[in-house]
Amino acid sequence: MTTKLFGTKVPRVEDQRFLRGQGRYVDDLLTDDPRLLHSAVLRSPHAHARILDIDVSDVLDVEGVLAVWTWEDLTGPMAEPLPLLIPHPTLTHGRTQYALAKDEVNYVGEAIAFVVAVDRYVAEDAVSRIRVDYEHLEPVVGIAAARAATRTVHDDVPDNVGARMEQENGDARAAIAAAPHTLTLELDVERSACTPMEGRGTVARWDPDTSRLTVWSSTQTSTGVRGCVAAKLGLDLAKVDVITPDVGGGFGVKINHPWPEELLVPLAAMTLGRPVKFTEDRREHFISSAHERAQQHHVEVGFDDDGRLLGLDVEFWHDHGAYTPYGLIVPIITSTQLLGPYKPQNYRVVFESLYTNTVIVTPYRGAGRPQGCFVMERTMDAIAAYLGKDRTEVRSTNFIQPDEFPFEHGLVFQDGRELTYDSGDYPASLVKLKELVGWDEFEDFRAEMAAQGRRVGIGLACYVEGTGVGPYEGAHVHIETSGRVKVATGLTTQGQGHQTAFAQIVADTLGVRFEDVEITTGDTRKMPYAVGTFASRAAVMSGSAIHLAALRAKEKALRIAAEALEASEDDLEIADGVVSVRGTDTSVDLGTVAVLSNPLRYAFDEASKAATQFSVGDPGKPPVAEDDEPGLEGKDFYSPERSTFASGMHAVIVETDPDTAEITILKYAVVHDCGHLINPMIVEGQIHGGVAQGVGGALYERMAYDESGQLLNASFMDFLMPYVTEVPTTIDIDHLETPSPLNPLGIKGAGEAGVIPSAAVFAAAIEDAEGFPIAAMPISPSELFALRLAHADTPAEAIAEETR
Amino acid sequence: MTSEKLHDVRLHVNGSVHEVRVPARRLLSDALRHDCGLTGTHVGCEHGVCGACTILVDGAPVRSCLMFAVSAVDAEITTVEGLTEADGSLSPVQQAFSDCHGLQCGFCTPGFLTTITAGLRDNPDPSEDEAREMIAGNLCRCTGYQNIVKSVLRASQIQGGTKGEMQGEIQEERG
Ligand code: FES
Ligand code: FES
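Quick mapping for you: the protein sequence lines, in order, are chains A and B.
Just so you know, we're using the numbering used here here: the first sequence kicks off at 37 and counts up by one.
Just so you know, we're using the numbering used here here: the second sequence kicks off at 1464 and counts up by one.
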């Protein structure tokens, strides 16, 4: 092949339609269908209440309203609770909500009634005319209230504990008791949320002529939605198609399924015989989609004079909201991934996953890792401060060394597999990071700034990210007679540039022009076997599957071409869509090979004329050999034995304003190792985006629930997401490539890394600037100001002595 | 409930006329998307904060979720669909976004494109700080903005701007 695309900054093909306003997101679909109906949802205004009566009698009087559903109207599986998607033996008290609330509501925003009308305005008018009688119950809001358990969210869940899980490797408590030094830390992280710019959306159309249901959803898993819709509506799987068109960002929240609307919209479409759409508005997204991050941690650590970990004992409490549809994924990840690049020798972790009367929790970019990284890196910084050592030195002492891979932690990871790291080189990353951020020169810079009356601090944080979790992904590659290559993979895309990155892989593997490759994602008609796009798994899983499928197509192409060219397969090569005999000018186009692969009875164009059974093949043999099939295609699946572990380190230099306590980012540096990079431009874009979300989570974003369970900041006016003015102006990035031995392309995931170390790295830098410990994130200027007042009694120098 | 009074409204969008019949409360964003079929304009918040729905009204950037369709009569509206050149090629701002990887999911992008198109008309040769200022009212959840700032400077360059500080870097990026 002429040029290798893998590893190069190929501009994205999807940009063309996005830039012209021709993207197709769910709400853009069927807009010119006059039969399209719209829906709106009545949501609970109360965090905890019993529903005594719902009166919908005024609703159908509204002109333009076609139907209203409450739980009473649901039958069969639709009247049962929604599925618990990821059960786990320790989730002893899993609970899920109903598509429409039955008897009780457990968070502000819980769906109670569903109205379908000619447009959304009218549907909302109708919703406002539904009257509900409630009996108010005391809500449980926040981890402290959940732990206190003076009242419960669910009557039948004692002490609000949905799950308690413990893992241990070695004997952490004994090791800590025997250690020369010990420290105890209390560390808190608040709730935040994915908040993609496009909310959730579903459109459904029932076709009575073919008895098929088509559902479009802005989901991160079209096969998951398909399975749920079929099961809940009592349809054969074969009757349901789910298509995920362009999606305006996901970051985790769109992996939960089915959302009530993903079932109610198809139900309405089938019942009313007209297409129906639901588009979530921003307030709905805040109160009825999902949040993440809220956890409280208690750490006990024992270490030696070098800062080497001897024992680590972590206990934490996870706020999973009112229901547990997504199981324990987030706290399991925290409990395992907080180990980062270190080997604590003796480790015990126990968590409780708690019910609160707030919206559910599902994974948000990083999924439990930002909290884990915060816990471990705060611990590292505390050890360094205690021993008076450089923070990088303590980390180096504890790193897993490059010759120790594969490294087994003796724990079970979120995929139910052993927590085993495949590859990495953490010492090399640290060398790069120190260089990039100017770690060794920082004290000079601090002095220089201090002379100007300015206060600065530096921090770093290291992480490891289990990416590319199974169980599998698949791909289908079809070379058409035109020579164009159609590729389908089942997982979805939310802006990660899959159409470009996957086409790069196909172009290289198959030897075709990049322009000739077209990728389809998230369409169950084209690839009904798939899992979804989450956990930085798309490149690893579908990338590998596409590579394997393209190899199969290539094998077949070479076999047929060898026959046609009367050459040995070993002498053939494919470049730019042409198969040729190496070193000669004998060649055949791949399109022609596709023609030869499929003996036809009927001719409908020039290519097919060449393929009729009278033109191809040996008349003495059957047109399709016994062990063959027509067409130039390849299909394959990739299913790894376990996750692959990407890693990285971030460092930041901040300035804190001596008067206002405002926090300004002066420098941000990233060293990142995701194995081989398919498209470095896309990977860097992922890092930029991750860092911005991390800055938000560390400094601004929090879900401000009041004690009655009302979310006070459910709008972009009040929930502070970073604008361009809040992010680092530049991010210095350096890559390290330790390929994964687990997949054919040596890649690891890159989607979430940027956000994992943010809380930790900002806490470290602010602590370094201020000279007192930072133990809770996010931190606002007013909180920093309050901390200053609290520490005012101790002269800053004295604290600095103590903690640095 | 009695039916809502409807208004016949003539919208001038991207050089074409759209006759729509809408209630007085219909947002301009909804009218453009659902009545005119111009779904390039996106709605991210419907409360005027994210900037995704930004369009040009008589050349000035306006949040179409904060305007009623009935109040847009007589105005010359440009949406993202109208930014593309007559021959179908990308405008300098659109091209710059493609060059600099200024978008990921593309949902916020139309609002940025219109905002920057107007911004560069007022200030064709922005400094990096001015470029940042230009996009400071638009939210993007994917890109982290660094590449959007680059896109502003790159667009200015394509249009003949002289502040070429970013040029070296961009060309190196493009490899
Ligand atoms: S949708 Fe108009 S500003 Fe957000
Ligand atoms: S590119 Fe996704 S929100 Fe900006």
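Beta carbons are placed, not taken as given, at the ideal position from N, Cα and C, and that holds for glycine.
All of these numbers come straight from a predicted model, not from anything done at the bench.
Pair within 7 Å by beta-carbon distance, residue i and residue j
i, j, result
"residue 268 of chain A", "residue 113 of chain A", "yes"
"residue 434 of chain A", "residue 580 of chain A", "no"
"residue 646 of chain A", "residue 624 of chain A", "no"
"residue 764 of chain A", "residue 704 of chain A", "yes"
"residue 669 of chain A", "residue 514 of chain A", "yes"
"residue 333 of chain A", "residue 411 of chain A", "yes"
"residue 2 of chain A", "residue 288 of chain A", "With chain A covering only 37 through 840, there is no way to say anything about residue 2 of chain A."
"residue 1618 of chain B", "residue 1524 of chain B", "no"
"residue 259 of chain A", "residue 526 of chain A", "yes"
"residue 726 of chain A", "residue 776 of chain A", "no"
"residue 530 of chain A", "residue 791 of chain A", "no"
"residue 54 of chain A", "residue 1547 of chain B", "no"
"residue 413 of chain A", "residue 464 of chain A", "no"
"residue 176 of chain A", "residue 189 of chain A", "yes"
Interface partners of residue i on chain A, CB under 7 Å
i, result
"residue 1531 of chain B", "Near residue 1531 of chain B there are no residues of chain A at all, since even the closest Cβ is about 12 Å away, more than 7 Å."
"residue 1572 of chain B", "54 and 55"
"residue 1553 of chain B", "55"
Closer than 7 Å at the beta carbon, the chain B residues around residue i
i, result
"residue 47 of chain A", "1561"
"residue 768 of chain A", "Near residue 768 of chain A there are no residues of chain B at all, since even the closest Cβ is about 11 Å away, more than 7 Å."
"residue 76 of chain A", "By Cβ distance, chain B contributes nothing, its closest Cβ being about 13 Å from residue 76 of chain A, past 7 Å."
"residue 684 of chain A", "Within 7 Å Cβ-Cβ: nothing; residue 684 of chain A doesn't reach chain B, min ~15 Å."
"residue 531 of chain A", "1567, 1568, 1569 and 1605"
"residue 356 of chain A", "In chain order: nothing, as chain B lies at least about 23 Å away."
"residue 64 of chain A", "1502"
"residue 724 of chain A", "1606, 1607, 1609 and 1610"
Chain A residues whose Cβ lies nearer than 8 Å to that of residue i
i, result
"residue 1557 of chain B", "55 and 56"
"residue 1584 of chain B", "Under the 8 Å cutoff, chain A gives no residues; its nearest Cβ is about 18 Å from residue 1584 of chain B."
"residue 1480 of chain B", "Result: empty, since nearest Cβ-Cβ is about 17 Å, beyond 8 Å."
"residue 1595 of chain B", "760, 761 and 765"
Under 8 Å from the C-beta of residue i: neighbouring residues of chain B
i, result
"residue 67 of chain A", "1496, 1497, 1500 and 1502"
"residue 499 of chain A", "Within chain B, no residue comes near residue 499 of chain A; the closest Cβ sits about 18 Å away, beyond 8 Å."
"residue 727 of chain A", "1607"
Beta-carbon separation (whole angstroms), residue i vs residue j, contact threshold 8 Å
i, j, result
"residue 689 of chain A", "residue 473 of chain A", "7 Å"
"residue 1517 of chain B", "residue 1582 of chain B", "So it is not a contact: roughly 11 Å between Cβ atoms."
"residue 613 of chain A", "residue 548 of chain A", "5 Å"
"residue 308 of chain A", "residue 73 of chain A", "7 Å"
"residue 377 of chain A", "residue 436 of chain A", "6 Å"
"residue 707 of chain A", "residue 767 of chain A", "Wrong, their Cβ atoms sit about 11 Å apart, outside the cutoff."
"residue 814 of chain A", "residue 734 of chain A", "6 Å"
"residue 394 of chain A", "residue 745 of chain A", "6 Å"
Residue i: contacting residues in chain B (beta-carbon distance under 9 Å)
i, result
"residue 318 of chain A", "1506, 1507, 1508, 1509, 1510, 1512 and 1513"
"residue 556 of chain A", "Near residue 556 of chain A there are no residues of chain B at all, since even the closest Cβ is about 17 Å away, more than 9 Å."
Under 9 Å from the C-beta of residue i: neighbouring residues of chain A
i, result
"residue 1547 of chain B", "55, 56 and 57"
"residue 1544 of chain B", "56, 57 and 58"
"residue 1488 of chain B", "157"
(message) For the pair the region 334 to 352 of chain A and the region 169 to 179 of chain A, tell me if three or more CB-CB distances fall below 8 Å.
(response) no
(request) Return the residues of the region 1507 to 1524 of chain B that lie within a Cβ-Cβ distance of less than 7 Å from chain A, sorted by chain order. (result) 1507, 1508, 1509, 1510, 1512, 1513 and 1515
(message) Is it the case that the region 325 to 340 of chain A contacts the region 397 to 408 of chain A, given that we only count it when at least three CB pairs across the two stretches are under 8 Å?
(response) yes
(request) Check each residue of the region 131 to 161 of chain A: if its Cβ is closer than 9 Å to any Cβ of chain B, include it; give the result in chain order. (result) 155, 156, 157, 158 and 161
(request) With 7 Å as the C-beta to C-beta threshold (strictly closer), list the residues of the region 88 to 116 of chain A near chain B in chain order. (result) 97, 98 and 99
(request) Identify each residue in the region 1598 to 1631 of chain B for which the Cβ-Cβ distance to at least one residue of chain A is less than 8 Å, and report them in chain order. (result) 1598, 1599, 1600, 1601, 1602, 1603, 1604, 1605, 1606, 1607, 1608, 1609, 1610, 1611 and 1612
(request) Can you give me, in chain order, the residues of the region 253 to 284 of chain A that have a beta carbon less than 8 Å from any beta carbon in chain B? (result) 282, 283 and 284
(request) Could you tell me whether the region 1555 to 1562 of chain B touches the region 1498 to 1511 of chain B, using the rule of 3 or more Cβ pairs below 8 Å? (result) no
(request) Please name the residues in the region 735 to 764 of chain A whose beta-carbon is closer than 7 Å to at least one beta-carbon of chain B, in chain order. (result) 751, 752, 753, 757, 759, 760, 761 and 763
(request) Mind the definition here: the region 128 to 141 of chain A touches the region 89 to 109 of chain A only if three or more C-beta pairs lie below 8 Å; say whether that holds. (result) yes
(request) Could you tell me whether the region 149 to 168 of chain A touches the region 76 to 94 of chain A, using the rule of 3 or more Cβ pairs below 8 Å? (result) yes
(request) Determine which residues of the region 579 to 611 of chain A have a Cβ less than 9 Å from any Cβ of chain B, and write them out in chain order. (result) none
(request) Report yes or no: do three or more beta-carbon pairs, one from the region 561 to 577 of chain A and one from the region 247 to 262 of chain A, lie closer than 8 Å? (result) yes
(request) With 7 Å as the C-beta to C-beta threshold (strictly closer), list the residues of the region 665 to 691 of chain A near chain B in chain order. (result) none
(message) With three or more C-beta pairs closer than 8 Å as the rule, is the region 295 to 310 of chain A touching the region 381 to 388 of chain A?
(response) no
(request) Assess, as a yes-or-no matter, whether the region 414 to 433 of chain A is touched by the region 796 to 808 of chain A under the definition of 3 or more beta carbon pairs within less than 8 Å. (result) yes
(request) For the region 1531 to 1551 of chain B and the region 1597 to 1616 of chain B, state whether three or more C-beta atom pairs, one from each stretch, are separated by less than 8 Å. (result) no
(request) Specify whether the region 821 to 830 of chain A and the region 739 to 746 of chain A touch according to this definition: at least 3 beta carbon pairs, one from each stretch, less than 8 Å apart. (result) no
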